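J.:
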Amino acid sequence: MRKCLETCKKLKTACPVGECRYWIDCSKDKNCMFESIDKHGEMTLREVADRLGVSYVRIKQIQDGTLKKIGHLLRQKPN
């Protein structure tokens, strides 16, 4: 996971592995979600939308869907 980022930092290059589940299209953050979080910390939905080049509404839809799935999983979990 972060080992990939360490390699990219040593090579001083953005991550070329587009199939990585942590890959984002942002070369100034080495195309890595972890590097982006380390550099910028928490971000608003609007900042995420701007960074990814999509609308705020789309990011909100993704967030709402994710929270719905998490809630569903928590309700299914046996006590």
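With the numbering used here, the residue at position 25 of the sequence shown is 27, and numbering never jumps. Note that the Cβ used here is the ideal one computed from N, Cα and C, for glycine as well. Note that this is a predicted model, so its numbers are computed, not measured.
Quick check: the Cα distance between Lys41 and Lys79, rounded to an integer number of angstroms?
T.: Taking the first residue of the sequence shown as 1, we reach residue 41 at position 39. Taking the first residue of the sequence shown as 1, we reach residue 79 at position 77. When rounded, the distance between both Cα atoms is 35 Å.
J.: May I ask which residues mark the beginning and end of the alpha helix (DSSP H) holding Ala51?
T.: Within the sequence shown, the letter at position 49 stands for residue 51. Where Ala51 is concerned, the enclosing alpha helix (DSSP H) stretches over 47-54.
J.: Quick check on the burial criterion: 16 or more other C-beta atoms within 10 angstroms. Buried or exposed for Ile61?
T.: The residue given as residue 61 occupies position 59 in the sequence shown. Classification of Ile61: buried, given that the 10 Å Cβ count is 16 or more.
J.: Given this structure, state the Cα-to-Cα distance separating Trp25 from Cys34, to the nearest angstrom.
T.: Working through the sequence shown from its first residue, we reach residue 25 at position 23. Working through the sequence shown from its first residue, we reach residue 34 at position 32. For Trp25 and Cys34, the distance between alpha carbons rounds to 5 Å.
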